[in-house]
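Visitor: First residue of the sequence shown? That's 639 in the working numbering, and the numbers climb one at a time after it.
Let me begin by handing over the structure; questions about it come next.
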Amino acid sequence: MIEPVSLQQVDRTYVRFRGRKLSFFSGCDYFRMASHPTVLRAVSSGLARYGLNVAASRMTTGNHALYRQLERQLARFFGVEDALLISTGYLTNLVVAQALAGRFTHALLDEKAHVCLRDAAVFLGCRLRSFKHRNPADLARQIKRCGTDSRLILLTDGMYAGQGTAAPLADYLKILPQDAILLVDDAHGAAVLGATGKGTPEFVRAARHRIIQTTTLSKGFGVYGGVVLCSRALRGEIMTQSPAFVGSTPLPLPLVNAALAALALHRRHPALRTRLYQNTERVKSALAATGVSLTEAPGPIVQIIPSDARQATRLRHALLAAAIYPPFLRYPGGPPNGSFRFVISSEHTPAQLERLIAVLCRVCSAPQGSDLSARQRSRKPGPRPPRGRRSRR
Ligand SMILES: Cc1ncc(COP(=O)(O)O)c(C=O)c1O
């Protein structure tokens, strides 16, 4: 096992790496909320006012009015009946599965769903069937195999982290039986996708009443913790029937205070999302103009898959020479030999974006010995869908 290098954040869009200050196009802090002065002040004032830790389950002596305040505000922001805070995003799906255990005959799982959904499925206590990634036609085939009296739940990410693609939730809803439920892990889509930041369901215009949307507070909100966006009834069921919820300590209160501040910033400044999309559009359209074609995706992510180790090294060197940290990753469900995952934020400066564009256009669109895989080079550039429009696969 090679442990990844430690990075030291310098300011909102730079890191220190081997003694150099480099532009940082990675991670999942899409709005750099984790270093926003208002959010940081909320951590300090929360610590001074509430202390660090309630030191008990919410179902015993660890409940606090601040939890409910954040839940109500999250429910309003996402346009759902209610919300329940969970100590991490990973656990959100697990507590939902524990609460719903025994209700379904089959769980249908996107083959590239995040590992936490696969873990959560174990707690549903039903048969598990995978379907091809973002593929409604294969989903239809798998549904048929489940039989006519099956009771189904579908598990999928909302926005996929690797490429920023959106799950075709509206298509899934059309195919699934009327009583089927969708559990959508929108860790990356929440606050990022959709005209008002409600996430993937809003972006793909999927009716919400059969969707349980889960998300993390560590990405679009830059803080920490998880939230289940659901009906009041399901909230109550999780609180009473999920051993993981009942038996664990909730979020530290300074983080709840910080999440309230981050949420308020999103509500007051929709321009943050506009800027994220303008920055993303700038990079993606420049790459398309020089023949670097990317998977059509609404998210602020550019994935470059090198064809071999030598080509990965060339791109890495070119990035370092331009003072950009090379975000080469291997991640479950991603390309087996790894890929560069560039994440555009609302806070990168025009100069940083232009520098990234210059390197990627120079290295990745070169016809000979390009750093892109042949598959990526040959794809036709296509217009990216504007916010709020349904994604096409
Ligand atoms: C799709 C997805 N779901 C869940 C998680 C876990 O969220 P958290 O880090 O808040 O536990 C992650 C990654 O962090 C993720 O990418």
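C-beta atoms are modelled at their ideal positions from N, C-alpha and C, and glycine is treated no differently.
Looking at Asp667 and ligand 1, is the gap between the Cβ and the nearest heavy atom below 7 Å?
Guide: no
Visitor: Could you tell me if Asp667 is buried or exposed, where buried requires 16 or more neighbouring beta carbons within 10 angstroms of its beta carbon?
Guide: buried
Visitor: Tell whether a beta-carbon distance below 8 Å holds between Gly632 and Ser725.
Guide: This structure gives no information on residue 632, because the portion of the chain shown stretches from 639 to 1031.
Visitor: Could you give the distance in angstroms between the alpha-carbon of Val653 and the alpha-carbon of Ala961?
Guide: If you take the alpha carbons of Val653 and Ala961, they lie about 10 Å apart.
Visitor: If you run the structure through DSSP and keep just helix, strand and coil, what is Ser931?
Guide: coil
Visitor: May I have the straight-line CA-CA distance separating Glu641 from Phe883, to the nearest angstrom?
Guide: 31 Å
Visitor: Just to confirm, are Ala900 and Val733 a CB contact at a threshold of 8 Å?
Guide: Going by C-beta atoms, Ala900 is not nearer than 8 Å to Val733.
Visitor: Rank Phe978, Arg741, Tyr810, Ala739 by C-alpha distance to the C-alpha of Asp795 and give the top, closest one.
Guide: Checked all of Phe978, Arg741, Tyr810, Ala739; the closest Cα to Asp795 is Tyr810.
Visitor: Given 7 Å as the limit, tell me if Ser856 has its C-beta closer than that to any heavy atom belonging to ligand 1.
Guide: yes
Visitor: Whose C-alpha, out of Val997, Asp823, Pro806, Leu712, is nearest the C-alpha of Ala924?
Guide: Val997
Visitor: With DSSP collapsed to three states, give me the class of His744.
Guide: strand
Visitor: Which first and last residues belong to the beta strand (DSSP E) in which Gly864 is found?
Guide: 864–868
Visitor: Just the Cα atoms here: how many angstroms apart are Thr854 and Gly657?
Guide: 32 Å
Visitor: Please go through the same chain and pick out, in chain order, the residues whose beta-carbon is closer than 8 Å to the beta-carbon of Thr887, but skip the five residues on each side of it.
Guide: Asn691, Val692, Ala693, Ala694, Ser695, Gly700, Ser725
Visitor: Starting from the Cα of Thr698, find the closest Cα among Leu738, Glu985, Gly827, Met877 and give me that residue.
Guide: Met877
Visitor: In the DSSP assignment, find the alpha helix (DSSP H) that holds Tyr688 and state where it starts and stops.
Guide: 675–688
Visitor: Under the rule that 16 or more other beta-carbon atoms within 10 Å means buried, what is Ala775, buried or exposed?
Guide: Looking at its Cβ environment, which holds fewer than 16 other Cβ atoms inside 10 Å, Ala775 is exposed.
Visitor: My output table needs one value for Met797: the three-state DSSP class, helix, strand or coil.
Guide: strand
Visitor: Quick check: Ile942 and Cys1002, are their CB atoms within less than 8 Å of each other?
Guide: yes
Visitor: From Arg870 to Pro908, what does the alpha carbon distance come to, in whole angstroms?
Guide: Between Arg870 and Pro908, the C-alpha separation is close to 28 Å.
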